[in-house]
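Participant:
Protein chains in written order, with the working numbering: chain A, 238 to 618; chain B, 238 to 618.
Structure below.
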């Protein structure tokens, strides 16, 4: 076959293939890249290569992180010991990493999202689709804004979300997990994301409820802080279960008050009750909150994060602050004693024992329980 | 004051006071007696004395259990190290223990319930009220029968239920817990039970849904067996959370299929998601199921129960069998892969790894998810 024809064939075949960039290379970002790379190798509708934007760091050895990732096929800092797949290419240049891709996977600490959007706006493909794995929200003058909404607004593209019971290291070891994709209208787009992430050990389901899925992923970190306080106080499993139950009710009520479109069933998906459980059992927010109590509050969360998380970020404390601002702004503080108390403990205004004392006999308010039981919206999966 | 008048006064005052008997003196029964006794000492509407029927056993020392309980004020076999309260009186004679009481608290392994009812029928007060803390169901020719229904039917009295995130030893240590009282119609009766059990560290809420509350308490033991298998296989928290999530969905769907009156919100009470969590973290069903896997199925659950539980009974394996009979009888086996698989593993027809393999991509069925999201009944707490 003549080289020319060969080339044309190749162009034709590849022109419809999607190109994926993972924006972020922390613990979860690296695992997401690995999952995706295992699928792009097999599925004909995707380019094999997966770009992964690496926020460049100089390692203690003096080498650059991105160079080491490409040499060893491992993220030696955030996911050591796990091969990412040879088709994962680390790129420290954000603009370069995103410019050819039509599928953008956002997975960074949420405080970096505004800056990332500013850098890439106008420099991405017009037909690009986004998915956010980012937990957290921004509280602005006119109310809370979810990360998926920030991406959609700043970049002018559609944005789904993926959340679930996903302790990253367990997925890296290919232990069975589930996850939920939240989408707005276009089910076909959701199905493409499901195709990209789904593996025999990572079972992904789509749900038409972006805000519900995203708020589950975000708010569970606040409940995990509460659960960590209970662990630090050595109050046992009954108390911890009570706190998680009340936390789940506040998550649901808060989500439904903010967005009337949020569906009841979302809380029974992996992003809901399952993610809450796994995060309250093993996550980093729980762990740092436990340490906060064990150190009698003498070490701040900033110090604990620096000591315990090897460069990873703690979302729960920040989210608790943002949620507190919303509650305070709207006069809802008394309706959400658990959320409010977590923040008050984090900033040292209340002792950790308040996590039980403040919610007993006051939470959940009848209004909140009733809100939880309103009929689900008409469109059920 | 003349002795006669004194006597009359005393009669008048006490005639309206309720007398309580706890039927059962295992781990949970002893804790229940302790909770109740702390309240009857304080509340004027109850006689101080709490009778506790003890299934008589001879201890290794040659002494009778009931005599030792009364001498030491401790249940040395099932709750060692905890004082029950001086107003708890152990009685090995069942008929004698119940005959004067108008409040009967049933808390024995459920396989003993039929025999107990046979013994006391016609020998209790006509105005007696019952509450069941018993987990399990009987499967009869014409369908499953809950323990509260057996009590009501056999004894001709009203029966409430109390369930919740209640690992007994933690309550004995006065660590904070919650519980749920399920009642049928008479809210005043429910409130009297709440009064009897509620303490500053044991927060009880009433819900008008006997079957929902009772099925939560019963079915969660089957899910705990599944969670124990996952622990034994060392599959991690994501998998465990996924199994617990699917278990919760099957609990809800099964309950609603059996009883149309079951309410959605019941699953957000302590008896629902909270009890599921605490039982899957620390309960005896989870523990024995983990050991079953670690021993490669070479030890039966009967052997593990004898070895590990010091005379306590394992409810989950029995309930799994009963649930399997219902599923099989009604042609629902495929709708409830988790419940069905737990039983198949328990009896050795499937390997423990089936707990994940059999439910991935098959559970929960769309029908089951939809069933979970039907609007709650009109009467919301």
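Note that the Cβ used here is the ideal one computed from N, Cα and C, for glycine as well.
Would you mind telling me which residues of chain A sit closer than 8 Å to residue 402 of chain B, beta carbon to beta carbon, in chain order?
Facilitator: 474, 475, 478, 479, 482
Participant: Within this structure, are the beta carbons of residue 398 of chain A and residue 450 of chain A separated by less than 9 Å?
Facilitator: yes
Participant: To which residues of the same chain is residue 496 of chain B closer than 8 Å at the C-beta, ignoring the five residues directly before and after it?
Facilitator: 448, 449, 452
Participant: Leaving out five residues on either side along the sequence, give the residues of the same chain with a beta carbon under 7 Å from the beta carbon of residue 295 of chain A.
Facilitator: Excluding the 5 residues flanking it on each side, residue 295 of chain A has same chain C-beta neighbours closer than 7 Å at 301, in chain order.
Participant: Which of the three DSSP states, helix, strand or coil, is assigned to residue 579 of chain A?
Facilitator: helix
Participant: With 16 as the cutoff for other CB atoms within 10 Å, does residue 493 of chain B come out buried or exposed?
Facilitator: buried
Participant: Hey, quick one: how far does the beta strand (DSSP E) through residue 505 of chain B stretch, first residue to last?
Facilitator: Premise fails: residue 505 of chain B is in no beta strand (DSSP E) and is neither H nor E.
Participant: Note down, in chain order, every chain A residue with its Cβ under 9 Å from the Cβ of residue 350 of chain B.
Facilitator: In chain order: nothing, as chain A lies at least about 25 Å away.
Participant: Excluding five sequence neighbours on each side, which residues of the same chain lie with their C-beta closer than 8 Å to the C-beta of residue 272 of chain A?
Facilitator: Only residues of its own chain outside the window of five on either side were considered, and among them 408, 434, 436, 439 have a CB closer than 8 Å to the CB of residue 272 of chain A, listed in chain order.
Participant: Taking contact to mean 3 or more Cβ pairs, one atom from each stretch, closer than 8 Å, check whether the segment 467-480 of chain B and the segment 495-509 of chain B are in contact.
Facilitator: no
Participant: Excluding the 5 residues flanking residue 605 of chain B on each side, which residues of the same chain have their C-beta closer than 8 Å to its C-beta?
Facilitator: 486, 487, 490, 572, 573
Participant: Assuming residue 516 of chain B and residue 457 of chain B make a contact with CB atoms under 8 Å, what is their CB distance in whole Å?
Facilitator: 5 Å
Participant: If we require 3 or more residues per run, which beta strand (DSSP E) segments fall completely within the segment 300-373 of chain A?
Facilitator: 325-328, 340-343, 366-369
Participant: Consider the Cβ of residue 501 of chain A: report whether some Cβ of chain B lies at a distance smaller than 9 Å.
Facilitator: yes
Participant: Should residue 532 of chain A be labelled buried (16 or more other beta-carbon atoms within 10 Å of its own) or exposed?
Facilitator: exposed
Participant: Could you list the residues in the segment 514-534 of chain B with a C-beta less than 8 Å from some C-beta on chain A, going in chain order?
Facilitator: 514, 515, 518, 519
Participant: Is there a Cβ of chain B sitting closer than 9 Å to that of residue 604 of chain A, yes or no?
Facilitator: no
Participant: Buried or exposed: where does residue 522 of chain A fall if 16 or more other Cβ atoms within 10 Å of its Cβ makes it buried?
Facilitator: buried
Participant: Excluding the 5 residues preceding and the 5 following residue 344 of chain B in the sequence, name in chain order all residues of the same chain whose CB lies nearer than 6 Å to its CB.
Facilitator: 261, 265, 266, 269, 370
Participant: Quick one: any contact between the segment 300-314 of chain A and the segment 356-363 of chain A, if contact means 3 or more CB pairs under 8 Å?
Facilitator: no
Participant: Please report the residue range of the beta strand (DSSP E) in which residue 283 of chain B lies.
Facilitator: 283-290
Participant: Among B:442, B:524, B:346, B:419, which residue has its Cα nearest to the Cα of residue 469 of chain B?
Facilitator: The candidate whose alpha carbon is nearest that of residue 469 of chain B is B:524.
Participant: Please list, in chain order, the chain B residues whose beta carbon lies closer than 8 Å to that of residue 408 of chain A.
Facilitator: 475
Participant: Does the beta-carbon of residue 381 of chain B, which I'm using as the reference point, lie nearer than 8 Å to any heavy atom of the ligand NAP?
Facilitator: Among the components of this structure there are no ligands whatsoever, and the ligand NAP is therefore not found.
Participant: Taking 9 Å as the CB-CB limit, is residue 415 of chain A close to chain B?
Facilitator: It does: the Cβ of residue 415 of chain A has a partner Cβ on chain B nearer than 9 Å.
Participant: Would you tell me roughly how many angstroms separate the C-alpha atoms of residue 557 of chain B and residue 579 of chain A, rounded to the nearest one?
Facilitator: 39 Å
Participant: On the DSSP bridge list, what partners appear for residue 263 of chain B?
Facilitator: Beta-bridge pairing links residue 263 of chain B to no other residue.
Participant: Tell me which residues of the segment 311-337 of chain B have at least one Cβ-Cβ distance to chain A shorter than 8 Å, keeping chain order.
Facilitator: none
Participant: Any beta carbon of chain A sitting closer than 9 Å to that of residue 462 of chain B?
Facilitator: no
Participant: Run down chain B in chain order and give the residues with a C-beta less than 8 Å from the C-beta of residue 485 of chain A.
Facilitator: 505, 510
Participant: Are the C-beta atoms of residue 597 of chain B and some chain A residue less than 9 Å apart?
Facilitator: The beta carbon of residue 597 of chain B falls within 9 Å of a beta carbon belonging to chain A, placing the residue at that interface.
Participant: Does residue 419 of chain B come out as helix, strand or coil in the three-state DSSP assignment?
Facilitator: strand
Participant: Out of B:462, B:382, B:388, point me to the one whose CA is closest to residue 368 of chain B's CA.
Facilitator: Answer by Cα proximity: B:388.
Participant: What residues from the segment 432-453 of chain A come within 7 Å of chain B, judged by C-beta to C-beta, listed N to C?
Facilitator: Answer in chain order: 440.
Participant: For residue 327 of chain B and residue 275 of chain B, what's the separation of their Cα atoms in angstroms?
Facilitator: 16 Å
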